[in-house]
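Per the numbering used here, residue 8 is the first one in the sequence shown, and the count goes up by one each step.
Before any comments, here is the structure.
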Amino acid sequence: MNLDELLTEYAELEQQLADPSVHADQNKARTLGRRYRQLTPIVGTYRELEGVRDDLAAAKELATEDEAFAEEATQLEERVPKLEEKLKHLLIPRDPNDEKDIIMEIKQGEGGEESALFAGDLLRMYLRYAERLGWKTEIIDAQHSDLGGYKDVTVAIKAKGDEGVWSRLKYEGGVHRVQRVPVTESQGRIHTSATGVLVYPEAEEVEVNIDPNELRIDVYRSSGPGGQSVNTTDSAVRITHLPTGVVVSCQNEKSQLQNKESAMRILRARLLAVAQEQADAAAQAERKSQVRTMDRSERIRTYNFPENRISDHRVGFKAYNLDQVLDGELSAVTQALIDAEMAEKLAQHS
Numbered sequence: 008m009n010l011d012e013l014l015t016e017y018a019e020l021e022q023q024l025a026d027p028s029v030h031a032d033q034n035k036a037r038t039l040g041r042r043y044r045q046l047t048p049i050v051g052t053y054r055e056l057e058g059v060r061d062d063l064a065a066a067k068e069l070a071t072e073d074e075a076f077a078e079e080a081t082q083l084e085e086r087v088p089k090l091e092e093k094l095k096h097l098l099i100p101r102d103p104n105d106e107k108d109i110i111m112e113i114k115q116g117e118g119g120e121e122s123a124l125f126a127g128d129l130l131r132m133y134l135r136y137a138e139r140l141g142w143k144t145e146i147i148d149a150q151h152s153d154l155g156g157y158k159d160v161t162v163a164i165k166a167k168g169d170e171g172v173w174s175r176l177k178y179e180g181g182v183h184r185v186q187r188v189p190v191t192e193s194q195g196r197i198h199t200s201a202t203g204v205l206v207y208p209e210a211e212e213v214e215v216n217i218d219p220n221e222l223r224i225d226v227y228r229s230s231g232p233g234g235q236s237v238n239t240t241d242s243a244v245r246i247t248h249l250p251t252g253v254v255v256s257c258q259n260e261k262s263q264l265q266n267k268e269s270a271m272r273i274l275r276a277r278l279l280a281v282a283q284e285q286a287d288a289a290a291q292a293e294r295k296s297q298v299r300t301m302d303r304s305e306r307i308r309t310y311n312f313p314e315n316r317i318s319d320h321r322v323g324f325k326a327y328n329l330d331q332v333l334d335g336e337l338s339a340v341t342q343a344l345i346d347a348e349m350a351e352k353l354a355q356h357s
C-alpha cells in the first residue's frame, strides 16, 4: 500500500470513528481504533514534512529580499532529510501481530533436571521483564520437575498500552542453551543444556473459529512432580483438535471448567499460528525459526554463567551482564533483534 492509499484510509477511518453507530460494535470500534493508531504516526510525519517543505519554499523566496530568511531556510533544509528518513521507516510494512499479546511455552529439553531448572530461570526472566514494562502476566499451566524447575510451563503476557507484547518477544522462540555447573554436579564441571521456548500471538475468539465437533476432550486427575496425584477429582483437561492433531493439556486450575478455558486459550493461539503459516510464507519461515526440537546445536542464544555472558547467535549480540538479563533487563537484547529486523526490511524496500 502506497502513501496516498494510506492517507485515504486514514481519512476514512476518521470519518468512521466519528460515527456513533460504529461504537455500538465494540469489536469493530477496537479494530478501527487500532488501525487508526497505527497510521497516526505516518500521517503526522507526512504532514510535518509537507509543512516544512512549504516553509522552506517560502523562506527561500523571501531570502532574496531579506537575508534573515536565509538562516531559517538553512535550518529547514536540515530537517527535510531527517523527516524523509523517519517517514521511510514508518512506511515499512509492520508485522500485523505486533500489537497482540502473547502466549509463551517454556519446555524442558536436553539436560534433564538442569534443563528444567533453567526453564524456571527463563520464566523468571520473562516475568521480571514484563514487570519492568508494566505488563500483566498469568501462569496458565505448569508441570513442575522434581528439583523445583519446570518440565513445561505456559504463561500469558498482556500489555497495557498500544505497543503489543508480540512486537518485543516474538524473537524469543527457539532453543536457549545454558552453560553452567549444575546443582547436581559434584565435580564442578560445566555442563551444556537446552531449553525450548515457543511464542504465539494470543488469538481473540473472533479470529479463530473452532467447531466443538472437531474437538476430543479428555479429563484426568492432575499430577505433580514424580507423578503423584495432587487432586482427588478429574479436573485436568486434555483437548485434541482432530483436523490438525494439535493437543493442549491444562491442570493448573482446581476446576475442570477453568482448565478447559485455559486450554482453549492456548489452542486458539496455536491454531492462529498454524493458519498464518499456511496463509503466509514469511510467517511460515518465522515459525520454523522457533525450533521445536530441543537439540543443543539448534540454538538461538547461549547463556554462559562462568563468563556472565549472553550471546544471541542470530544477530551477533554479546554482553557480559547475564545476571542482570536474567533479572529482567532484557531490553538491550530485544532491541538488537528489532534493529536487525528493521535493517533487513529497509534493505528490502530500498
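Built from N, CA and C at the ideal position, the CB exists for glycine as well.
Here the structure is a predicted model, which means the values were calculated and not measured.
- Query: What number of angstroms, rounded off, separates the C-alpha of L124 from the C-alpha of R41?
  - Reply: Between L124 and R41, the C-alpha separation is close to 39 Å.
- Task: Using only alpha-carbon positions, find the residue among K177, I110 and R131 that is nearest to P103.
- Result: The alpha carbon of P103 has as its nearest neighbour, out of K177, I110 and R131, the alpha carbon of K177.
- Message: Quick check for students: name the residue ranges of the beta strand (DSSP E) that lie wholly in the segment 302 to 337, counting only runs of 3 or more.
- Response: The qualifying runs are 306 to 311, 316 to 319 and 324 to 326.
- Message: Which residue wins for smallest C-alpha separation from G180, given the options E314, I317, R308 and K35?
- Response: Among E314, I317, R308 and K35, the Cα nearest to that of G180 is on R308.
- Message: Using DSSP's beta-bridge definition, name the partner residues of S256.
- Response: Under DSSP, S256 shares a beta bridge with R245.
- Consult DSSP for P15 and reduce its assignment to one of helix, strand or coil. Per the sequence shown, the amino acid found at residue 15 is Thr instead of Pro. Three-state result, T15: helix.
- Message: Counting C-beta neighbours from all protein chains within 10 Å, is the total for R277 16 or more, i.e. buried, or is it exposed?
- Response: Buried.
- Among residues of its own chain, excluding the 5 on either side of Q23, which ones have a beta-carbon nearer than 6 Å to its beta-carbon? So the list reads V29 and L39, once near-sequence residues are dropped.
- Item | Among V340, H320, Y327 and L98, nearest to P313 - alpha-carbon criterion | For the residues V340, H320, Y327 and L98, the minimum Cα distance to P313 belongs to Y327.
- Cα separation between S338 and I317? Rounded to the nearest angstrom, the two C-alpha atoms are 13 Å apart.
- The beta strand (DSSP E) with T144 in it runs from where to where? Here the beta strand (DSSP E) through T144 covers K143 to H151.
- Task: Tell me whether K167 sits in a helix, a strand or coil according to DSSP, three-state version.
- Result: Correct three-state label for K167: coil.
- Message: In the DSSP output, which residue or residues are listed as bridge partners for K114?
- Response: The partner list for K114 (beta bridge, DSSP) reads D159 and G203.
- When burial is assigned at 16 or more other CB atoms within 10 Å of the CB, is S404 buried or exposed? Lying before the first or after the last residue shown, residue 404 is absent from the chain, which here runs from 8 to 357.
- Query: In three-state DSSP terms, what is I197?
  - Reply: Correct three-state label for I197: coil.
- Determine the direct distance from the alpha carbon of V244 to that of T341, and round the result to whole angstroms. Taking C-alpha positions only, T341 is separated from V244 by approximately 35 Å.
- Task: Grab the span of the beta strand (DSSP E) containing Y227 for me, first residue to last.
- Result: From DSSP, the beta strand (DSSP E) with Y227 extends over L222 to Y227.
- Quick one, which of E260, D108 and N34 has its alpha-carbon nearest G171's? Nearest of E260, D108 and N34 to G171, Cα basis: D108.
- Item | As assigned by DSSP and simplified to three states, the class of S230 | In the structure shown, S230 sits in a strand (DSSP, three-state: E or B).
- Mind checking M301: buried by the 16 CB within 10 Å criterion, or exposed? Annotation note: pLDDT 44 at M301 (below 50); position unreliable, coordinate value reported separately. It is buried - the Cβ of M301 has at least 16 other Cβ atoms within 10 Å.
- Going along the chain, which residues of its own chain have a beta-carbon closer than 6 Å to the beta-carbon of R303, five neighbours each way excluded? With a pLDDT of 46 at R303, under the threshold of 50, the predicted position of this residue should be treated as unreliable, though the coordinate-derived value follows. These residues qualify, in order along the chain: E117, R184, T199 and A201.
- Message: Taking 6 Å as the limit between beta carbons, can you name the residues of its chain near G203, skipping five residues before and five after?
- Response: The answer, listed in chain order, is K114, G116, V182 and M301.
- Message: Could you compute how far the alpha carbon of R275 sits from the alpha carbon of Q33?
- Response: A straight line joining the alpha-carbon of R275 with that of Q33 spans about 21 Å.
- Which residues does DSSP pair with H30 in a beta bridge? Partner(s): none; H30 has no beta bridge.
- Message: So, under 8 Å CB-CB, E112 and L205 are touching, yes? Tell me the CB distance rounded to an integer number of Å.
- Response: With a Cβ gap of about 4 Å, E112 and L205 count as contacting.
- Task: State the start and end residues of the unbroken beta strand (DSSP E) segment that holds V172.
- Result: No beta strand (DSSP E) holds V172; DSSP gives it neither H nor E.
- Task: Can you grab the Cα-Cα spacing for the pair T15 / V332, in whole Å?
- Result: Those two C-alpha atoms are separated by around 44 Å.
- Query: Would you call the segment 208 to 227 and the segment 343 to 350 in contact, with 3 or more CB pairs under 8 Å?
  - Reply: Counting C-beta pairs with one atom in each stretch, the segment 208 to 227 and the segment 343 to 350 have fewer than three that are closer than 8 Å, which means they do not touch.
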